[in-house]
Structure formats: C-alpha cells, structure tokens
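The structure appears below as structure tokens.
2 protein chains.
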Amino acid sequence: MAIAAPKTRRGETSRAVILQAALDLFQERGYEATTMRAIADRAAVSLGSSYHYFPSKEHLVLEFYRHTHDLHAEAIKPLLARDRDLAARLRGTMRAVIVTCEPFHAVAGSIFSTVANPASPLNPFGPASKPLRDEVVALYAEVVNGSESRIPSDIAEMLPLALWLYQMGILYFWIFDKSPGRLRTLEVIDDTTDLIVRLISLANLPVLRGSRRRVLSLMKSIVDSQAS
Amino acid sequence: MAIAAPKTRRGETSRAVILQAALDLFQERGYEATTMRAIADRAAVSLGSSYHYFPSKEHLVLEFYRHTHDLHAEAIKPLLARDRDLAARLRGTMRAVIVTCEPFHAVAGSIFSTVANPASPLNPFGPASKPLRDEVVALYAEVVNGSESRIPSDIAEMLPLALWLYQMGILYFWIFDKSPGRLRTLEVIDDTTDLIVRLISLANLPVLRGSRRRVLSLMKSIVDSQAS
DNA sequence: GCTCACAATTGAACATGTTCAAATTAACTG
DNA sequence: CAGTTAATTTGAACATGTTCAATTGTGAGC
Numbered sequence: 643m644a645i646a647a648p649k650t651r652r653g654e655t656s657r658a659v660i661l662q663a664a665l666d667l668f669q670e671r672g673y674e675a676t677t678m679r680a681i682a683d684r685a686a687v688s689l690g691s692s693y694h695y696f697p698s699k700e701h702l703v704l705e706f707y708r709h710t711h712d713l714h715a716e717a718i719k720p721l722l723a724r725d726r727d728l729a730a731r732l733r734g735t736m737r738a739v740i741v742t743c744e745p746f747h748a749v750a751g752s753i754f755s756t757v758a759n760p761a762s763p764l765n766p767f768g769p770a771s772k773p774l775r776d777e778v779v780a781l782y783a784e785v786v787n788g789s790e791s792r793i794p795s796d797i798a799e800m801l802p803l804a805l806w807l808y809q810m811g812i813l814y815f816w817i818f819d820k821s822p823g824r825l826r827t828l829e830v831i832d833d834t835t836d837l838i839v840r841l842i843s844l845a846n847l848p849v850l851r852g853s854r855r856r857v858l859s860l861m862k863s864i865v866d867s868q869a870s
Numbered sequence: 643m644a645i646a647a648p649k650t651r652r653g654e655t656s657r658a659v660i661l662q663a664a665l666d667l668f669q670e671r672g673y674e675a676t677t678m679r680a681i682a683d684r685a686a687v688s689l690g691s692s693y694h695y696f697p698s699k700e701h702l703v704l705e706f707y708r709h710t711h712d713l714h715a716e717a718i719k720p721l722l723a724r725d726r727d728l729a730a731r732l733r734g735t736m737r738a739v740i741v742t743c744e745p746f747h748a749v750a751g752s753i754f755s756t757v758a759n760p761a762s763p764l765n766p767f768g769p770a771s772k773p774l775r776d777e778v779v780a781l782y783a784e785v786v787n788g789s790e791s792r793i794p795s796d797i798a799e800m801l802p803l804a805l806w807l808y809q810m811g812i813l814y815f816w817i818f819d820k821s822p823g824r825l826r827t828l829e830v831i832d833d834t835t836d837l838i839v840r841l842i843s844l845a846n847l848p849v850l851r852g853s854r855r856r857v858l859s860l861m862k863s864i865v866d867s868q869a870s
C-alpha cells in the first residue's frame with residue numbers, strides 16, 4: 643500500500659518535499675482546508691506528481707500520524723529509561739501523547755475521523771496501518787515490561803494492545819476537549835492511569851478471577867479473529 | 643440544523659420521496675457509491691431540490707440512523723414488556739441492534755465513520771444528534787429501570803449513557819465482523835452483556851468501592867464538561 | 001378570481017479528489 | 001557517448017458534493 647517508493651535521487655527529494663508541504667499545510671490550515679493542489683503548489687510540483695508518491699490524500703494523513711508517533715516515541719525515551727514505576731510510566735507516556743499532539747489539535751478531528759473510518763484501508767485495524775500499529779503496541783509493551791511491577795503473564799500479554807486502544811480513547815476525548823490548555827484531558831489521564839494500575843492489582847483477587855479470565859479470553863479471541 | 647422543513651403539501655412529498663430514494667440507494671449500493679445525482683434522479687427531482695431539504699449528504703445519513711433506531715425500538719418492545727431479568731433484557735436489546743442493522747451491514751462502515759467524525763456537526767456527541775442520542779439513552783434507561791435487578795442509584799444514573807457507548811462499541815466490532823452470519827458479534831454480545839451484569843453486582847464488594855466511586859465520578863465529570 | 005409574497009424547483013457553475021495517457025528526465029548498458 | 005529502458009512529471013479531463021441566482025408554482029388575503 644505504501645505505493646511507489648522513489649527509485650531515484652530526484653524522486654526521494656520530490657517525495658520528501660511533497661510530504662513536508664502537506665504536513666505544514668495540514669498544521670496551518672487543517673485537513674479539509676488543505677487541497678491537494680495547494681500541497682502540490684507549495685511543493686513546487688504538479689498535481690499529478692503528488693499522486694505518484696501518495697495514492698490518496700488519506701495516505702498523507704497516515705504519514706502525519708507516523709510523524710507524531712516518532713515525536714512521541716522520542717519524547718518519552720528519557721522517562722522510560724529512568725522511571726520504573728508502572729503508574730508513573732503510563733502517566734508520563736499518556737501525557738506525552740497529548741503534549742506531542744497539542745500543535746495539531748485543530749487538525750486532529752479530521753485526522754482521527756479519516757483514520758477511524760472502517761471503510762478506509764487506513765483504519766487502525768486494517769493491514770495498511772499494521773506497521774505503525776505494531777510500533778505503537780511495541781511501545782506500550784516497553785512501558786509495561788520495563789516497569790518493576792509484577793504483572794501476571796496473562797494480563798501482560800494483552801495489556802499493550804489494551805493500552806493502544808486506551809490511547810485512542812484518550813485522543814478521542816482530547817479532540818473534544820475545549821478546556822483551557824486542555825487541562826481536562828490531563829486530569830482524565832491521571833485518573834484513568836491510576837485506575838488502570840489499580841485494577842490490574844485487584845485482578846488477583848479471588849472474586850475477580852472469573853471476570854478476569856473472561857475479559858482476557860474475550861480480548862484474545864477478538865484479536866485472533868481479526869488476525870485471520 | 644434539520645433545515646428547511648417543508649411548508650407545503652408538495653414540499654412534504656418531495657422531502658419524503660428524496661429521503662426514501664436515498665435510503666433505498668444507500669442500501670442497494672452503499673454510501674459512497676450513491677451519488678447525490680443518483681438520489682435526485684430516482685426521486686425524479688432535480689439535484690438542487692435535494693439540497694433544499696437536506697443540507698448535505700451527511701444529513702441523509704443521520705436520517706438513515708434515525709430510521710434504524712426506530713426499527714430497533716419497535717423490535718424490542720415485546721422483550722422489554724415481557725422480560726424482567728437485566729441480563730436477558732440487555733442481551734436481547736443488543737442482539738436486536740445487530741439484527742436490525744444486518745441489512746445495512748455493507749453500508750454501515752461509511753455510515754459509522756461519517757457519524758463518528760468529530761469534525762462533523764453530526765457526530766454522536768454534538769448538538770445536531772442530541773435528539774436521537776437522548777432517545778437512545780432513554781431506551782437504555784428503560785432497559786435498566788424495567789428490570790427487577792436492584793442497582794445502586796449511583797450506578798443506575800450513569801448506566802444508560804455507558805450502555806449507549808457500549809452499543810457503539812459493539813456496532814464498531816460488528817462492522818468489522820467477517821464471520822458467517824456475523825455470529826462472532828453475537829458471541830461477543832453474549833459474553834460482554836454477562837460481564838457487564840456481573841461487574842455491576844461485584845461493584846458492591848468493599849474492595850471495589852474505591853474504584854467504583856472513581857469510575858463514576860470520572861464519568862460524571864466527563865458528561866458535565868461536555869454539557870457546557 | 002386576482003395578486004403577491006413566499007415556497008419549491010431548477011440547472012448551470014464551482015471546488016476539489018482522483019485518473020491517465022503523453023511528455024520529459026534520469027540511469028544504465030554497450 | 002548513443003541508445004534504451006524505466007522512473008518521473010505534467011496538465012487536462014473526470015466525478016461528485018455543494019452553492020446560488022433565476023424561474024416556476026402555490027396558497028392566503030382581498
């Protein structure tokens with residue numbers, strides 16, 4: 643799907659310059675307001691050329707998404723190297739998500755809806771976004787595994803995927819957040835990360851064993867059925 | 643938002659005929675494949691006329707959504723009148739959702755993404771969809787209140803809204819469900835409704851009191867902040 | 001029945017995502 | 001360096017959602 647990799651020096655520059663123009667314009671004007679013609683103009687390239695490297699406008703969004711992920715991964719490196727407490731790691735990671743995305747808040751609505759569209763091959767569960775999805779899930783695996791908390795293996799197995807979903811939920815909330823400085827989202831992050839860590843520790847209680855087993859096997863079966 | 647109510651006999655017929663054409667075509671060909679021109683053609687009306695009654699193609703989707711809700715509400719009436727067991731009521735209601743929507747499965751992806759778009763005024767949390775949202779939440783309130791289960795009032799207060807969200811989650815899963823007869827979704831419904839009922843009853847355990855309070859106050863604060 | 005304000009209707013025009021066949025340029029081979 | 005192949009670039013053409021000024025129909029008040 644990541645069609646038409648450049649085969650030439652010139653091609654590489656073109657691709658890069660188009661992508662940069664798109665990222666800039668998305669940020670300046672938002673997604674809908676940015677036309678493919680405007681992107682081509684700013685990149686000093688013809689309309690057709692843009693389509694040579696990016697099969698659709700949506701594919702540029704996917705690149706945008708990747709861009710923010712890279713920023714995010716970079717931003718939390720120190721935290722993950724330093725802190726061993728699961729709650730702190732999770733909280734820091736989530737805070738970094740929205741801090742990283744803050745410059746794009748105005749655009750994020752369109753981005754999100756484009757990516758969430760089940761009809762699009764770019765949707766988060768589809769094949770086209772698998773590479774990026776795997777990276778994000780791996781990042782959460784590191785958040786979990788690098789902590790000193792001892793997490794039961796059945797939970798640890800599913801947790802990264804669940805946290806990836808959780809991140810999407812937080813982002814969706816953040817998109818709607820009209821509070822000054824998006825402080826509301828930060829509060830929600832603090833509350834929910836605490837809650838998650840607490841629930842994980844509670845999951846060992848005998849009364850919760852049954853539900854825990856059900857939840858995990860449900861998640862597992864869902865993941866498996868999607869994989870096929 | 644529901645712009646331009648017909649003021650005339652002729653106007654009413656036109657609106658109805660356009661809507662019917664749209665619903666039919668959405669079902670026959672899917673959302674994207676149905677052009678506004680095709681709708682106008684089938685309705686034997688000009689392109690401009692369609693826009694007189696429906697400000698955009700998305701608004702036709704909202705009508706589509708309302709249509710399925712009405713079907714659903716009708717379908718579960720007997721169940722809600724008969725059965726008093728919460729698990730049964732919830733399970734039946736959810737099963738009816740996907741049975742009702744089954745004819746539209748092919749279209750549902752586009753519908754969902756259109757409606758989920760945070761940038762659209764039609765998104766489920768926005769003002770334009772409030773009337774319908776209120777109806778759906780009220781329906782889940784009836785599911786809960788009509789049961790014989792004694793549900794703590796703090797939970798009962800939030801539950802209908804939570805179930806509305808849950809329904810959207812199930813629909814999202816169902817859209818991706820490729821299993822024959824969408825049996826996978828039915829299984830997931832059975833599992834999750836059981837789980838929900840069980841968790842509600844567990845919520846009275848002393849160890850869970852803290853988490854329960856946190857979850858509910860979090861939900862409440864989110865709802866309140868959205869309302870303003 | 002006449003008139004007039006307003007509703008309803010129309011279709012051309014516009015903006016924008018996308019496609020494609022043709023032209024141009026780069027890279028490689030002998 | 002000449003020639004050939006493949007990558008790149010181009011801009012015109014297309015489809016479709018949307019807008020709007022102009023036209024036509026309708027019904028209320030006299």
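As given, the protein sequences belong to chains X and F, one line each in that order.
The numbering of the first sequence is this note's numbering, which starts it at 643 and goes up by one.
The numbering of the second sequence is this note's numbering, which starts it at 643 and goes up by one.
Note that the Cβ used here is the ideal one computed from N, Cα and C, for glycine as well.
When DSSP labels each residue in this structure, what does residue i get in the three-state scheme?
i, result
"arginine 726 of chain F", "coil"
"valine 839 of chain F", "helix"
"aspartate 776 of chain X", "helix"
"alanine 770 of chain F", "coil"
"serine 821 of chain X", "coil"
"arginine 854 of chain F", "helix"
"asparagine 846 of chain F", "coil"
"serine 755 of chain X", "helix"
"phenylalanine 696 of chain X", "coil"
"leucine 764 of chain X", "coil"
"glutamate 674 of chain X", "coil"
"serine 795 of chain X", "helix"
"methionine 643 of chain X", "For methionine 643 of chain X, the predicted structure reports a pLDDT of 41, less than 50, and the residue's modelled location is therefore unreliable. The matter cannot be settled from this model."
"glutamate 790 of chain X", "coil"
"alanine 680 of chain X", "helix"
"lysine 719 of chain F", "helix"
"serine 691 of chain F", "helix"
List, in chain order, every chain F residue whose beta-carbon is nearer than 8 Å to that of residue i.
i, result
"valine 857 of chain X", "Leu837"
"phenylalanine 818 of chain X", "Pro760, Phe767 and Gln868"
"leucine 704 of chain X", "Those do not exist, as leucine 704 of chain X stays about 15 Å from chain F at its closest Cβ, beyond 8 Å."
"leucine 841 of chain X", "Ser853"
"glycine 751 of chain X", "Asn759, Pro760 and Ala761"
How about residue i and residue j: do their beta carbons lie closer than 8 Å?
i, j, result
"leucine 764 of chain X", "serine 771 of chain X", "yes"
"valine 757 of chain F", "valine 703 of chain F", "yes"
"serine 691 of chain F", "serine 656 of chain F", "yes"
"leucine 774 of chain X", "tyrosine 707 of chain X", "yes"
"aspartate 727 of chain F", "serine 795 of chain F", "no"
"valine 865 of chain X", "leucine 803 of chain X", "yes"
"isoleucine 793 of chain X", "leucine 781 of chain X", "no"
"leucine 722 of chain F", "glutamate 799 of chain F", "no"
"proline 760 of chain F", "isoleucine 831 of chain X", "no"
Run through chain X and tell me which residues come within less than 8 Å of residue i, C-beta to C-beta.
i, result
"phenylalanine 668 of chain F", "Neighbours of phenylalanine 668 of chain F on chain X: none; closest Cβ ~13 Å, over 8 Å."
Which residues of chain F have a Cβ atom closer than 9 Å to the Cβ of residue i, listed in chain order?
i, result
"arginine 671 of chain X", "None at all; the shortest Cβ gap to chain F is about 13 Å."
"proline 769 of chain X", "Within chain F, no residue comes near proline 769 of chain X; the closest Cβ sits about 12 Å away, beyond 9 Å."
"arginine 651 of chain X", "Near arginine 651 of chain X there are no residues of chain F at all, since even the closest Cβ is about 38 Å away, more than 9 Å."
Distance check for residue j and residue i, CA to CA, integer angstroms please.
i, j, result
"valine 739 of chain X", "tyrosine 695 of chain F", "42 Å"
"methionine 678 of chain F", "glutamine 669 of chain F", "14 Å"
"aspartate 683 of chain F", "proline 769 of chain X", "37 Å"
"serine 867 of chain X", "serine 688 of chain F", "46 Å"
"threonine 710 of chain F", "isoleucine 753 of chain F", "12 Å"
"glycine 811 of chain X", "threonine 650 of chain F", "45 Å"
"proline 700 of chain X", "alanine 845 of chain F", "The sequence shown places glutamate at residue 700 of chain X, rather than the proline named in the question. Their backbone Cα atoms lie some 44 Å apart in a straight line."
"arginine 856 of chain F", "leucine 837 of chain X", "8 Å"
"valine 900 of chain X", "leucine 813 of chain X", "No answer is possible for residue 900 of chain X: it lies beyond the span of chain X, which begins at 643 and ends at 870."
"methionine 643 of chain F", "arginine 854 of chain F", "Residue placement at methionine 643 of chain F cannot be trusted, given a pLDDT of 41 that sits under 50; the coordinates are not used to answer."
"alanine 858 of chain X", "isoleucine 797 of chain X", "Looking at the sequence itself, residue 858 of chain X is leucine, so the reference to alanine does not match. If you take the alpha carbons of leucine 858 of chain X and isoleucine 797 of chain X, they lie about 7 Å apart."
"glutamine 662 of chain F", "isoleucine 681 of chain F", "9 Å"
"leucine 847 of chain X", "leucine 860 of chain X", "19 Å"
"valine 849 of chain F", "leucine 841 of chain X", "11 Å"
"tyrosine 673 of chain F", "proline 745 of chain F", "14 Å"
"arginine 826 of chain F", "glutamine 809 of chain F", "15 Å"
For residue i, return the contacting residues in chain F, with the cut-off set at a CB-CB distance below 7 Å.
i, result
"arginine 733 of chain X", "Result: empty, since nearest Cβ-Cβ is about 15 Å, beyond 7 Å."
"aspartate 833 of chain X", "Arg856 and Leu860"
"phenylalanine 754 of chain X", "Pro760"
"serine 698 of chain X", "Under the 7 Å cutoff, chain F gives no residues; its nearest Cβ is about 13 Å from serine 698 of chain X."
Which residues of chain X have a Cβ atom closer than 7 Å to the Cβ of residue i, listed in chain order?
i, result
"leucine 805 of chain F", "Near leucine 805 of chain F there are no residues of chain X at all, since even the closest Cβ is about 17 Å away, more than 7 Å."
"valine 849 of chain F", "Leu844 and Leu847"
"arginine 826 of chain F", "Ser867"
Residues of chain X with a CB under 9 Å from the CB of residue i: which are they?
i, result
"valine 830 of chain F", "Leu860, Ser863 and Ile864"
Checklist line | At least 3 beta-carbon pairs within less than 8 Å: the region 720 to 736 of chain F vs the region 823 to 842 of chain F | finding: With the rule of 3 Cβ pairs closer than 8 Å, the region 720 to 736 of chain F counts as touching the region 823 to 842 of chain F.
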